[in-house]
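J.:
Numbering (UniProt numbering), first residue to last: 1 to 232.
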């Protein structure tokens with residue numbers, strides 16, 4: 001990713017650190033509510049670890065977020081790239097066409113930073129990503145991720161990740177979070193779609209309602225794109 005940023009954004013890095021042998025940035029820790037990956041953990045190592053967990057918990061619903069994540073990793077890139085790309089690099093690069101970031105946003109992923117300054121939510125130039133935590137699901141939560149690309153292992157033309165929370169009777173949308181990638185310089189939260197469908201009954205009209213709300217979100221995206229290009 002540093003190579004890409006140097007090429008596309010003309011960035012200069014006077015000091016480069018090789019972090020693959022730093023234990024604190026390579027461990028994987030499983031918890032009751034999620035799994036924490038050291039920032040220097042490669043996508044191949046994560047994929048192997050998650051696949052092992054899925055094989056051990058075939059029918060356990062709370063691991064469905066891992067099943068979605070491993071599907072994203074399968075389509076991410078060829079093996080030689082996944083052997084080198086790290087989860088911290090995926091997050092720090094902040095590419096809008098990232099396959100990983102929309103899913104982490106939908107799941108409420110946690111990024112732990114090392115900093116000499118106060119607590120913050122935006123990564124500063126002198127801060128380091130230590131780890132990334134992927135949340136597991138509750139019994140009434142469902143997640144889905146999809147991307148449209150020109151060919152296998154290609155970057156996404158558009159990508160979408162969603163987290164759906166149903167009520168106890170599984171008849172009503174209790175909460176909905178939908179994130180879209182590669183339509184703006186950063187991942188876009190489909191706020192109109194997410195907010196207007198929350199509280200709706202799960203019936204056949206929900207699909208047409210979702211399409212109508214999504215059209216409104218795309219109007220917002222079009223306006224933001226024009227503002228970015230200075231056309232408004």
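Heads up, the beta-carbon is just placed ideally off N, CA and C, and yes, glycines get one too.
Check the DSSP bridge columns for residue 209 and list the partner residues they point to.
T.: According to DSSP, residue 209 bridges with nothing at all.
J.: Taking the alpha-carbon positions, what's the residue 57 to residue 204 distance?
T.: Going by the C-alpha atoms only, they are around 32 Å apart.
J.: Around the Cβ of residue 201, are there at least 16 other Cβ atoms within 10 angstroms (buried) or fewer (exposed)?
T.: Exposed, since its Cβ has fewer than 16 Cβ neighbours within 10 Å.
J.: If you reduce the DSSP assignment to three classes, tell me which class residue 27 lands in.
T.: Reduced to three states, the DSSP call for residue 27 is coil.
J.: Between the Cα of residue 188 and the Cα atoms of 149, 159 and 140, which residue gives the shortest distance?
T.: The option with the nearest alpha carbon to residue 188 is 159.
J.: I need the DSSP call for residue 38, collapsed to helix, strand or coil.
T.: The answer is strand: DSSP assigns residue 38 an E or B state.
J.: What's the gap between the Cα of residue 73 and the Cα of residue 47?
T.: Looking at the two C-alpha atoms, the distance is approximately 7 Å.
J.: Pick from 223, 168 and 164: whose alpha carbon is nearest that of residue 195?
T.: Minimum Cα distance to residue 195 is reached at 164.
J.: Helix, strand or coil for residue 189 per DSSP?
T.: Three-state result, residue 189: strand.
J.: How many angstroms separate the CA atom of residue 145 from the CA atom of residue 63?
T.: Answer to the nearest angstrom: the Cα atoms are 15 Å apart.
J.: Taking the beta carbon of residue 15 as the centre, do at least 16 other beta carbons fall within 10 Å, making it buried, or is it exposed?
T.: So residue 15 counts as exposed.
J.: Where do the N-terminal and C-terminal ends of the beta strand (DSSP E) with residue 44 fall, by residue?
T.: Counting along the chain, residue 44 falls outside any beta strand (DSSP E), though it belongs to the alpha helix (DSSP H) covering 43-56.
J.: To the nearest angstrom, how far is it from the Cα of residue 87 to the Cα of residue 223?
T.: Roughly 32 Å separates the two Cα atoms.
J.: Please classify residue 226 as buried or exposed, where buried requires at least 16 neighbouring CB atoms within 10 angstroms.
T.: Residue 226 should be labelled exposed.
J.: Cβ atoms of residue 193 and residue 178: under 7 Å apart, would you say?
T.: Contact flag set, yes.
J.: Could you pull out every residue in the same chain whose Cβ sits closer than 7 Å to the Cβ of residue 108, ignoring the five residues on either side in sequence?
T.: So the qualifying residues of the chain are 135.
J.: Take the Cβ of residue 112 as the centre, count every other Cβ of all protein chains shown within 10 Å, and call the residue buried at 16 or more, exposed below.
T.: Exposed, by the Cβ-count rule.
J.: With distances taken from CA atoms, which of 38, 100, 25 and 221 is nearest residue 71?
T.: Looking at the Cα atoms, 100 is the closest of the given residues.
J.: Taking buried to mean at least 16 other C-beta atoms within 10 Å of its own C-beta, is residue 25 buried or exposed?
T.: When all chains shown are included, residue 25 counts as buried.
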